[in-house]
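**Q** So that we are looking at the same thing, I have put the structure below in structure tokens.
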Amino acid sequence: MIFTLKEVIKWLGLSIFELWLHIVALFVFSVLVAVKLEDGEMSWWTVFIPLFVCDGCVAYFSAIVIIRLYLAGDKRLAAMRTFWSSVVIALLVTFKITLCQRLEGIRDLDYAVIHVPLFILLKLLAVRACQVDY
-15 MIFTLKEVIK WLGLSIFELW LHIVALFVFS VLVAVKLEDG EMSWWTVFIP LFVCDGCVAY
45 FSAIVIIRLY LAGDKRLAAM RTFWSSVVIA LLVTFKITLC QRLEGIRDLD YAVIHVPLFI
105 LLKLLAVRAC QVDY
């Protein structure tokens, strides 16, 4: 079953702009991974730059939305969005940093440990999917 755009936006808690940012960053990241695997001269930190830039842009956009919601008087929604956005961004950045450290050989972490933030994020998305009204 293919989800509609409205369902994906509600389930993930992202706006269309944030979703677009993630798609563009994943595309650029995919190109850089291919170049890294063919050439091998780039560091993994350089390959992950589009994903880190995307996280920064999403955090900035979320801050603007949160401030506007707060000034509009919808403090409960602003608090919920602040919590959700900060948890998602923190988990994704933690995963990316630990993965880069492992790929560069800085830390010898097990891949199961590296993927723990993604497992937590999937659990949170499952809880959120059960609570969202369509």
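Residue -15 is where the sequence shown starts when you use my numbering, and the numbers rise one by one after that.
For every residue, glycine included, the Cβ atom is placed at its ideal position computed from N, Cα and C.
1. Where Leu53 and Leu(-2) are concerned, what is the direct C-alpha to C-alpha distance, given to the nearest angstrom?
2. Run through DSSP, which three-state label would Glu88 get?
3. Look at Ser46 and Ser27 and say whether their C-beta atoms are less than 8 angstroms apart.
4. Where does the unbroken alpha helix (DSSP H) through Phe45 begin, and where does it stop?
5. Does DSSP put Glu22 in a helix, in a strand, or in coil?
6. Rounded to whole angstroms, what's the CA-CA distance from Ile0 to Tyr95? Just pull it up for me.
7. Report yes if the C-beta of Thr(-12) is less than 7 angstroms from at least one heavy atom of the ligand FAD; otherwise report no.
8. Specify the secondary structure class of Ile104 as computed by DSSP and reduced to three states.
9. Leaving aside the five residues before and after Pro34 along the sequence, list all residues of the same chain whose C-beta is less than 6 angstroms from its C-beta, in chain order.
**A** Taking the structure as given:
1. 15 angstroms
2. helix
3. no
4. 33 to 55
5. helix
6. 32 angstroms
7. Among the components of this structure there are no ligands whatsoever, and the ligand FAD is therefore not found.
8. helix
9. Ala9, Val12, Phe13
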